Amino acid sequence: MSEEGEFFMKKYELVYIIHPDLENTTDKVTEKVAGFIKKKSGVIISQDNWGKRKLAYDIKKVDIGIYVAVVFEAEAKDVREIEKNIILSEEIIRHLLVLHEEGYISKRNEEKASEEKTGKKPAVKEEEKLDLDLEEKKEEAKAEEKPEKAEKERLKELDEKLEELLGKDE
Numbered sequence: 002m003s004e005e006g007e008f009f010m011k012k013y014e015l016v017y018i019i020h021p022d023l024e025n026t027t028d029k030v031t032e033k034v035a036g037f038i039k040k041k042s043g044v045i046i047s048q049d050n051w052g053k054r055k056l057a058y059d060i061k062k063v064d065i066g067i068y069v070a071v072v073f074e075a076e077a078k079d080v081r082e083i084e085k086n087i088i089l090s091e092e093i094i095r096h097l098l099v100l101h102e103e104g105y106i107s108k109r110n111e112e113k114a115s116e117e118k119t120g121k122k123p124a125v126k127e128e129e130k131l132d133l134d135l136e137e138k139k140e141e142a143k144a145e146e147k148p149e150k151a152e153k154e155r156l157k158e159l160d161e162k163l164e165e166l167l168g169k170d171e
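Using my numbering, you'd call the opening residue of the sequence shown number 2 and step up by one each time.
The structure is reproduced here in structure tokens:
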């Protein structure tokens with residue numbers, strides 16, 4: 002059991018989005034966030050700038066943001082204060098702070114490791130894969146539309162035949 006004065010450090014993962022107009026001062030903002038963590042006796046384990054990316058939806062009338070991910074250790078009692086400082090920071094338009102899962106290796110870290118080993122980037126980028134997936138889905142949708150048109154034409158022909166037959170009887 003632990004004594005009352007003893008605290009345990011937990012690992013946290015923080016991802017925040019910096020306003021795109023502050024692209025030139027990204028380093029200052031990341032230092033500011035690191036200062037929030039260190040001020041509360043936190044220890045930064047890793048920090049990764051993901052760069053500019055398109056947002057899924059507009060945040061504060063902005064559709065692009067600069068993403069930064071930080072893994073750090075801090076005492077549970079200090080995390081709320083760190084998050085409060087991040088919320089009050091005007092440079093950061095959105096953030097997410099969660100407990101870091103042990104054994105979790107992000108795809109980005111795996112790609113970096115493979116690049117360092119082989120010395121070259123992967124042949125197909127993630128964005129290209131997404132584009133290929135979209136093209137395949139469009140082709141599938143077109144293929145599905147053709148049977149619908151054939152079905153509509155068949156129903157139209159049946160209606161005409163019915164009208165002919167009914168028209169002859171009268």
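Where is the CB? At the ideal position from N, CA and C, for every residue including glycine. Since this is a predicted model, take the numbers as computed values, not measurements.
With 16 other Cβ atoms within 10 Å as the buried cut-off, status of residue i
i	result
L166	exposed
F73	buried
G43	buried
I46	exposed
L97	exposed
F37	buried
8 Å Cβ cutoff, residue i in contact with chain C
i	result
R95	In the structure shown, chain C cannot be found, because there is only a single protein chain.
Cβ distance (whole Å) where residue i is taken to contact residue j below 8 Å
i	j	result
G66	I94	6 Å
E82	K41	6 Å
L100	K39	Going by Cβ atoms, the distance from L100 to K39 rounds to 20 Å, so no, they are not a contact pair.
K53	P21	6 Å
Same chain, Cβ closer than 6 Å to residue i, five either side skipped, listed in chain order
i	result
D1	Residue 1 lies beyond the residue range present for the chain, which begins at 2 and ends at 171; the question has no answer from this structure.
Y17	V69, I93, H96
Beta-carbon contacts of residue i that lie in its chain and below 8 Å, excluding the five residues immediately before and after
i	result
L56	I18, V63, D64, I65, G66
A35	I45, Q48, V71
**Message:** Does the structure place the stretch 72–82 close enough to the stretch 19–33 that three or more beta carbon pairs sit under 8 Å?
**Reply:** no
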